[in-house]
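Residue numbers (our numbering): 28 to 468.
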Amino acid sequence: MDRIPKRRKVSQAILQSLGSGLVPRKGVEHIAVGRQAEMAELQNDLDIIFDGGAAFRLIVGRYGAGKSFMLQLLRNHALNQRFVVADADFSPQRRLTGSKGEGLALYRELLGNLSTKTRPDGNALGALIEKWISNLQSRLARDGIAADSDEFDRKLNGLVHQVLGEIETMIHGYDFANVLNAYTRGHRQGDDELKAAALRWLRGEYHSKTEARRGLRGDVRVMIDDATWYDNLKLIAYFARQVGYRGLVIFLDEAVNLSKLSNRAARDNNYLRLLAMVNDTLQGNAEHLGIYIGATPESVEDQRRGFFSNEALETRLRESRFSAEGLRDLSGPLLRLDVLHEDELLQLLQTVRDIHAWHHRYESRVDDRATNLFLNEVQGRVGADSLLTPREVLLDFVSLLNLLRQHRRQSFESLLDRVDYATGAPPTEEAVDPLFADFAI
28 MDRIPKRRKV SQAILQSLGS GLVPRKGVEH IAVGRQAEMA ELQNDLDIIF
78 DGGAAFRLIV GRYGAGKSFM LQLLRNHALN QRFVVADADF SPQRRLTGSK
128 GEGLALYREL LGNLSTKTRP DGNALGALIE KWISNLQSRL ARDGIAADSD
178 EFDRKLNGLV HQVLGEIETM IHGYDFANVL NAYTRGHRQG DDELKAAALR
228 WLRGEYHSKT EARRGLRGDV RVMIDDATWY DNLKLIAYFA RQVGYRGLVI
278 FLDEAVNLSK LSNRAARDNN YLRLLAMVND TLQGNAEHLG IYIGATPESV
328 EDQRRGFFSN EALETRLRES RFSAEGLRDL SGPLLRLDVL HEDELLQLLQ
378 TVRDIHAWHH RYESRVDDRA TNLFLNEVQG RVGADSLLTP REVLLDFVSL
428 LNLLRQHRRQ SFESLLDRVD YATGAPPTEE AVDPLFADFA I
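If you want it as structure tokens, here you go:
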């Protein structure tokens, strides 16, 4: 993997994100270190999804440990391997289910972020359907059928119904197929309003069946809502495979927001919905679908509010009792991220240093010795052995690189001495009265 991006747009996104404590949306693969065993296992998941299977993973790590980074890295890998991807963050307004349409809100966010390699920034649903129609038309053109002939329309209609007939056998597939058929008619007739109406239904944007029937000019039996949105994702996964993609991969982060729900009934309902999704994927009822969720250890293991408060969910997700430090089963649905090793953190810092120098077009004054010195100082913080995360290290390091570039008279050592890493705070210049030297609160 080339550690230096080829475009400054990407290096800018990397540096600005890391300097703000965020995971880069683009270029994350340039700063990926460690996690080879985990990524190999996740790559195996993608192969299984392509072969018609399904995958579910709960990626667990504390704040800043790299779970969001892992999700983003896998998202980019999936895009490059011709999967359709969609991602969203859980929030009080977006969760698996709720009394005010919170599940539907999560689905709409996912559909808005639906992406392909050629449409990596979202809103790819319309392009997905257009590609499917174009593929069918190209197939007829290769058979020598004129595009403006009645035979072309008749055979195109036959191909559409052949694919949609398979979809109709799935849960809620009949209405899904009818809406795709409506979009196809709109495409052939140049009817943009009908196409837009079909997309509105697929995105779950209609508020009533009457409104949907009016827009689609036909009967609609089922609306996408809190009860049906997950089934619709499975239909999209199947459809993506018919278009020529390898499957659909869903990424959901900030699952801690589910455990923070103050209403116990609301938490329980969300955990029951999560349990249904786990069962669906692990038992092979879903096809060409991957679901990856990022969570903190507390949000999972808390017996009162966490995922494990649901006994059945704990049974599905609990790690093997044979697992221990250095001996983990990475094939299970719960994937716990260990702290990066010192040599991996050092490699990460050196990579970010090189990207910073390349992006700003200057000769870095931070050599490997200085980088090692910085890491040693950071690791000297109180509690660093258990609390230090890559996010915290990179926040400080990018800030230090920025200061060095902007203030050429400052040395690396002088800037490093400005912070007391034993406490993580700037050293105070105030003298302490000896009378109170031993006083502690």
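Think of the CB as a built atom: it goes at the ideal place given N, C-alpha and C, for glycine as much as any other residue. Bear in mind the structure is a predicted one, so any value in this text is a computation, not a measurement.
First through last residue of the alpha helix (DSSP H) which encompasses residue i
i: Arg-84; result: Element bounds for Arg-84: not the alpha helix (DSSP H) but the beta strand (DSSP E), 81 to 87.
i: Leu-275; result: Run containing Leu-275: none in the alpha helix (DSSP H); it sits in the beta strand (DSSP E), 275 to 280.
i: Val-112; result: Unbroken run through Val-112 is the beta strand (DSSP E), 111 to 116; no alpha helix (DSSP H).
i: Tyr-298; result: 291 to 309
i: Tyr-210; result: 200 to 216
i: Leu-357; result: First-last for Leu-357: undefined, no H or E at that position.
i: Leu-364; result: Counting along the chain, Leu-364 falls outside any alpha helix (DSSP H), and DSSP gives it neither H nor E.
i: Tyr-265; result: 256 to 270
Whole-angstrom distance between residue j and residue i, CA atom to CA atom
i: Lys-33; j: Leu-183; result: 43 angstroms
i: Gln-39; j: Asn-312; result: 42 angstroms
i: Arg-230; j: Gly-139; result: 8 angstroms
i: Arg-380; j: Gln-310; result: 46 angstroms
i: Gln-406; j: Thr-416; result: 10 angstroms
i: Val-270; j: Arg-388; result: 44 angstroms
i: Val-409; j: Gly-359; result: In this prediction, Val-409 has a pLDDT of 45, which is less than 50 and means its spatial position is unreliable; what the coordinates show is noted afterwards. Their backbone Cα atoms lie some 34 angstroms apart in a straight line.
i: Asp-329; j: Ser-95; result: 21 angstroms
i: Leu-137; j: Arg-445; result: 45 angstroms
i: Met-250; j: Phe-266; result: 18 angstroms
i: Arg-268; j: Ser-165; result: 17 angstroms
i: Asp-394; j: Ser-44; result: 23 angstroms
i: Leu-372; j: Ser-118; result: 31 angstroms
i: Ile-468; j: Ile-318; result: Confidence in Ile-468 is poor, its pLDDT being 42 and thus under 50, which makes the residue's placement unreliable; the coordinate value appears in the next sentence. Their backbone Cα atoms lie some 48 angstroms apart in a straight line.
i: Leu-262; j: Lys-53; result: 28 angstroms
i: Phe-335; j: Asp-365; result: 20 angstroms
i: Thr-211; j: Gln-189; result: 13 angstroms
i: Gly-91; j: Glu-220; result: 46 angstroms
i: Ala-282; j: Leu-357; result: 20 angstroms
i: Arg-294; j: Ser-126; result: 12 angstroms
i: Lys-287; j: Gln-377; result: 37 angstroms
i: Ala-151; j: Asn-399; result: 44 angstroms
Cβ-Cβ distance between residue i and residue j below 9 angstroms
i: Ile-75; j: Val-55; result: no
i: Arg-273; j: Leu-85; result: no
i: Leu-375; j: Val-50; result: no
i: Val-111; j: Leu-141; result: yes
i: Lys-144; j: Arg-102; result: no
i: Leu-367; j: Gly-46; result: no
i: Arg-363; j: Arg-355; result: yes
i: Gly-88; j: Thr-323; result: yes
i: Arg-244; j: Ala-224; result: yes
i: Leu-430; j: Leu-421; result: no
i: Leu-361; j: Asp-114; result: no
i: Trp-228; j: Leu-133; result: no
Counted within 10 angstroms of its Cβ, other Cβ atoms place residue i as buried (16 or more) or exposed
i: Arg-23; result: Examination of residue 23 is not possible in this model, given that the chain is present from 28 through 468 alone.
i: Lys-222; result: buried
i: Lys-236; result: exposed
i: Gly-200; result: buried
i: Gly-171; result: exposed
i: Lys-36; result: exposed
i: Ala-292; result: exposed
i: Asn-162; result: exposed
i: Gln-433; result: exposed
i: Ser-326; result: buried
i: Glu-338; result: exposed
i: Asn-71; result: exposed
i: Ala-239; result: buried
i: Asp-253; result: buried
i: Glu-65; result: buried
i: Ala-458; result: Low per-residue confidence applies at Ala-458: pLDDT is 42, beneath 50, and the placement is therefore not dependable, though the value from the model is reported in the following sentence. By the neighbour-count rule (16 or more Cβ atoms within 10 Å), Ala-458 is not buried but exposed.
CA nearest to the CA of residue i, picked from the options
i: Arg-135; options: Leu-100, Leu-344, Arg-435, Leu-226; result: Leu-226
i: Asn-19; options: Val-247, Lys-158, Glu-369; result: Residue 19 is absent from the structure shown; the chain starts at 28 and stops at 468.
i: Gly-80; options: Asp-356, Arg-348, Leu-49, His-315; result: His-315
i: Arg-331; options: Leu-357, Gly-317, Val-305, Ser-289; result: Ser-289
i: Trp-385; options: Arg-345, Leu-364, Leu-428; result: Leu-428
i: Gly-185; options: Pro-324, Leu-167, Thr-308; result: Leu-167
i: Ala-303; options: Phe-424, Leu-279, Val-276, Asp-258; result: Asp-258
i: Phe-77; options: Ile-194, Leu-275, Phe-424; result: Leu-275
i: Phe-401; options: Phe-424, Leu-361, Ala-113, Leu-155; result: Phe-424
i: Ile-277; options: Ala-254, Arg-169, Ile-160, Ile-320; result: Ile-320
i: Arg-436; options: Thr-196, Arg-392, Asn-205; result: Arg-392
i: Ser-176; options: Arg-215, Val-305, Glu-157; result: Arg-215
i: Arg-396; options: Glu-440, Ile-160, Glu-178, Leu-207; result: Glu-440
i: Val-206; options: Glu-346, Ile-156, Asn-150; result: Ile-156
i: Asp-246; options: Gly-213, Ala-254, Glu-281, Ala-209; result: Ala-209
i: Ile-198; options: Arg-248, His-234, Arg-345; result: Arg-248
i: Phe-83; options: Thr-196, Asp-180, Asn-306; result: Asn-306
Unbroken beta strand (DSSP E) run spanning residue i, endpoints
i: Ile-320; result: 316 to 322
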